[in-house]
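See below for the structure under consideration.
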Amino acid sequence: MKKLILDVDTGVDDAQAIMIALTAKDVKVLGITCCHGNTPLENVLTNTLRVLKVCNRLDIPVYKGFSKPLLARKQHASDYHGKDGLGDVPDPDAPSVELLQKEKAAEAMLKIARENPGEVILVATGPLTNLAVAVQLDPSFPKKLKALYIMGGNTESRGNTTSCGEFNFVADPEAAFIVLDRYTCPTYIAAWEFSCRSSLSWSFWKEWLSVKTEKAAFIRKISDLSMKKACSAEYQKEVIAGQGFNPCDVFALAAAVDDGFITESEKVAVTVELNGKHTRGMMVLDYIECLKKEHKAVIMKTADLEKLKKMLYNAVQ
Ligand code: BDR
15 MKKLILDVDT
25 GVDDAQAIMI
35 ALTAKDVKVL
45 GITCCHGNTP
55 LENVLTNTLR
65 VLKVCNRLDI
75 PVYKGFSKPL
85 LARKQHASDY
95 HGKDGLGDVP
105 DPDAPSVELL
115 QKEKAAEAML
125 KIARENPGEV
135 ILVATGPLTN
145 LAVAVQLDPS
155 FPKKLKALYI
165 MGGNTESRGN
175 TTSCGEFNFV
185 ADPEAAFIVL
195 DRYTCPTYIA
205 AWEFSCRSSL
215 SWSFWKEWLS
225 VKTEKAAFIR
235 KISDLSMKKA
245 CSAEYQKEVI
255 AGQGFNPCDV
265 FALAAAVDDG
275 FITESEKVAV
285 TVELNGKHTR
295 GMMVLDYIEC
305 LKKEHKAVIM
315 KTADLEKLKK
325 MLYNAVQ
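Here is the structure:
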């Protein structure tokens with residue numbers, strides 16, 4: 015049984031990732047920690063509870079994390095995910111935030127890892143603020159994890175937020191720097207370019223959501239705005255040619271729950287640029303080992319997309 019903590023900034027693709035985690039075989043979600051990111055933290059909390067409600071899993075503990083980055087200016091991805099982070103189609107009966115745990119996200123991560131030493135897989139699909147604080151509170155935290163999976167960063171200096179920066183890293187560059195520096199557990203990165211190249215076709219998208227279930231209807235509803243954006247000429251400049259449906263966060267989750275999902279990868283030391291005028295938040299890959307870092311991250315290159323489709327189908331049944 016795989017034991018997961020999901021650290022999310024619930025927008026549309028985080029919602030899909032959560033739904034996959036809840037339906038994956040032999041996977042237990044021990045907790046969901048929330049972070050600012052795609053939308054302000056207050057929305058992230060409600061969105062996460064909304065997803066759990068649709069999945070009938072409000073029993074999963076949800077924790078409040080940081081509402082802003084360590085040093086950077088707060089920013090959100092409302093253009094893509096909507097002002098509320100879930101396509102601006104509010105649920106008047108959204109679960110109350112009173113359901114949230116009293117404990118804060120970073121402390122909860124430490125506690126869960128302490129109680130399950132060497133077993134917890136942490137999957138981070140938003141800015142890395144909660145993770146950065148957790149390791150400052152307890153430097154031994156990464157050693158207690160089984161692995162860390164991240165959706166974030168970029169490998170070919172292609173940006174979706176700045177010219178060469180990916181959203182999750184640009185939204186809190188200092189946190190990303192700390193995490194890549196201090197998390198010496200096995201670390202797997204699904205970067206922006208990998209997600210673009212692994213995107214699925216729009217015909218798959220239609221077929222996937224054609225099932226008559228509440229979950230499929232929920233995904234269709236919350237994705238309407240982002241799908242229009244994804245098809246717009248303006249957005250096509252951000253992506254890598256020919257891209258279809260790119261559920262970025264789902265790639266990190268899929269890799270965490272299925273060891274055979276990644277079909278090609280490379281190991282390289284990574285860091286984040288903190289100072290450049292144009293490059294702040296960009297992931298740096300140290301192929302020629304200038305950084306003299308012992309710890310190398312696994313950078314995902316290709317994946318088994320048939321497996322991904324199966325996971326997506328299961329998630330909406
Ligand atoms: C990442 O940014 C967010 O908008 C998505 O949810 C994903 O985590 C892609 O750059």
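Residues in the sequence shown are numbered from 15 upward in steps of one, following my numbering.
Virtual Cβ for every residue (Gly too), placed ideally from N, Cα, C.
*With a cut-off of 8 Å on the beta carbons, I'd call T139 and I313 a contact; round off their distance for me.*
If you number the sequence shown from 1, residue 139 lands on position 125. If you number the sequence shown from 1, residue 313 lands on position 299. With 8 Å as the limit, T139 and I313 do not qualify as a contact, their Cβ atoms being about 17 Å apart.
_Below 8 Å, is the gap between the Cβ of Y163 and the nearest heavy atom of the ligand BDR?_
To locate residue 163, count along the sequence shown from 1; it is residue 149. No; taking the cut-off as 8 Å, the Cβ of Y163 has no heavy atom of the ligand BDR nearer than that.
*Tell me F259's beta-bridge partners as DSSP assigns them.*
Locating residue 259 in the sequence shown gives position 245, counting from the first residue. Answer is L214, bridged to F259.
*Under a Cβ-count criterion, where at least 16 other Cβ atoms within 10 Å of its own Cβ denotes burial, should T24 be classed as buried or exposed?*
Translated into the one-based positions of the sequence shown, residue 24 becomes position 10. Result: buried.
*Expressed to the nearest angstrom, what Euclidean distance is found between the alpha-carbon atoms of K229 and L113?*
The residue given as residue 229 occupies position 215 in the sequence shown. The residue given as residue 113 occupies position 99 in the sequence shown. Cα to Cα, the separation comes out at about 21 Å.
*asked:* My parser needs the beta strand (DSSP E) runs of 3 or more residues fully inside the region 266–324; what are they?
replied: 276–282, 284–286, 297–299 and 311–317
*For the beta strand (DSSP E) holding L159, just list the boundary residues, first then last.*
As a working note, residue 159 is residue 145 in the sequence shown. L159 to M165 is the span of the beta strand (DSSP E), which, as asked, contains L159.
*Inter-residue CB distance, T293 and L194 (contact presumed, cutoff 8 Å)*: As a first step, residue 293 is located in the sequence shown; it is residue number 279 there, counting from the start. As a first step, residue 194 is located in the sequence shown; it is residue number 180 there, counting from the start. At roughly 15 Å, the Cβ-Cβ gap does not stay under 8 Å, so T293 and L194 are not in contact.
*Between the CA atoms of F183 and T143 - distance to the nearest angstrom*: As a working mapping, residue 143 is identified with position 129 in the sequence shown. As a working mapping, residue 183 is identified with position 169 in the sequence shown. About 10 Å.
*asked:* Considering only the alpha carbon of each residue, which of L72, S224 and T175 lies closest to Q331?
replied: Start at 1 with the first residue of the sequence shown, and residue 331 comes out as number 317. Among L72, S224 and T175, the Cα nearest to that of Q331 is on S224.
_Excluding the 5 residues flanking K281 on each side, which residues of the same chain have their C-beta closer than 6 Å to its C-beta?_
Here residue 281 refers to the residue found at position 267 when the sequence shown is read from its first residue. The answer, listed in chain order, is K310 and V312.
*Which class does T12 belong to by DSSP, given the choice of helix, strand or coil?*
No answer is possible for residue 12: the residues shown for the chain start at 15 and end at 331.
*Write down the C-beta distance between V147 and F80 rounded to the nearest angstrom, noting that I regard them as a contact closer than 8 Å.*
The residue you call residue 147 lines up with position 133 of the sequence shown. The residue you call residue 80 lines up with position 66 of the sequence shown. Going by Cβ atoms, the distance from V147 to F80 rounds to 7 Å, so yes, they are a contact pair.
*What is the residue span of the beta strand (DSSP E) that L18 lies within?*
Numbered from its first residue, the sequence shown carries residue 18 at position 4. Element bounds for L18: K16 to V22.
*Report whether the distance from the Cβ of A268 to the nearest heavy atom of the ligand BDR is below 8 Å.*
As a working note, residue 268 is residue 254 in the sequence shown. No - the ligand BDR has no heavy atom lying nearer than 8 Å to the Cβ of A268.
*Per DSSP, what kind of secondary structure is V6 in: helix, strand or coil?*
Nothing can be reported for residue 6, as the shown portion of the chain is limited to 15 through 331.
*Per DSSP, G179 forms a beta bridge with which residues?*
Along the sequence shown, one-based indexing puts residue 179 at 165. G179 pairs with T176.
*Leaving out five residues on either side along the sequence, give the residues of the same chain with a beta carbon under 7 Å from the beta carbon of P141.*
Residue 141 sits at position 127 when you count from the first residue of the sequence shown. Excluding positions up to five away in sequence, the list reads D23, C49, H50, G51, P83, N182, A185, D186 and A189.
*N52: beta carbon under 8 Å from a heavy atom of the ligand BDR?*
Taking the first residue of the sequence shown as position 1, residue 52 is located at position 38. Yes, the Cβ of N52 comes within 8 Å of a heavy atom of the ligand BDR.
*Might you give, ordered along the chain, the residues of its own chain that have their beta carbon closer than 7 Å to the beta carbon of P261, omitting 5 neighbours on each side?*
Position 247 of the sequence shown, counted from the first residue, corresponds to residue 261. Taken in chain order, the residues that qualify are D27 and Q30.
*asked:* Looking at L305: is its Cβ nearer than 9 Å to the Cβ of A329?
replied: Here the question's residue 305 lines up with position 291 in the sequence shown. Here the question's residue 329 lines up with position 315 in the sequence shown. No; because the gap between Cβ atoms is not below 9 Å, this pair is not in contact.
*Return the Cβ separation of H90 and T53 in integer angstroms, given the expectation that the two are a contact with Cβ distance under 8 Å.*
For this step, residue 90 is matched to residue 76 along the sequence shown. For this step, residue 53 is matched to residue 39 along the sequence shown. Their Cβ separation, rounded to whole angstroms, is 5 Å, which keeps H90 and T53 in contact under 8 Å.
_Using 8 Å for Cβ pairs, my map puts I19 next to M123. What's the rounded Cβ distance?_
Counted from its first residue, the sequence shown places residue 19 at position 5. Counted from its first residue, the sequence shown places residue 123 at position 109. About 6 Å; that satisfies the 8 Å criterion.
*To which residues does DSSP link T201 through a beta bridge?*
Indexing the sequence shown from 1 puts residue 201 at position 187. BP columns for T201 point to L162.
*Between E117, A247 and D273, which lies nearest to D318 when the distance is taken from Cα to Cα?*
Here residue 318 corresponds to residue number 304 of the sequence shown, with the count starting at 1. It is D273 whose Cα lies nearest to the Cα of D318.
*Is the beta carbon of H309 within less than 8 Å of some heavy atom of the ligand BDR?*
Position 295 of the sequence shown, counted from the first residue, corresponds to residue 309. For the ligand BDR, not one heavy atom lies less than 8 Å from the Cβ of H309.
*Nearest-angstrom Cα distance between I276 and S177?*
One-based indexing of the sequence shown puts residue 276 at position 262. One-based indexing of the sequence shown puts residue 177 at position 163. Near 27 Å, if we compare the C-alpha coordinates of S177 and I276.
*Can you name the residues that DSSP bridges to L136?*
The residue you call residue 136 lines up with position 122 of the sequence shown. Partner(s): I19 and L162.
_Suppose you measure from the CA of P200 to the CA of S154; what does that come to, to the nearest Å?_
Start at 1 with the first residue of the sequence shown, and residue 200 comes out as number 186. Start at 1 with the first residue of the sequence shown, and residue 154 comes out as number 140. Answer to the nearest angstrom: the Cα atoms are 14 Å apart.
*Any idea what DSSP makes of C245, helix, strand or coil?*
By one-based count along the sequence shown, residue 245 stands at place 231. Here C245 sits in helix by DSSP.
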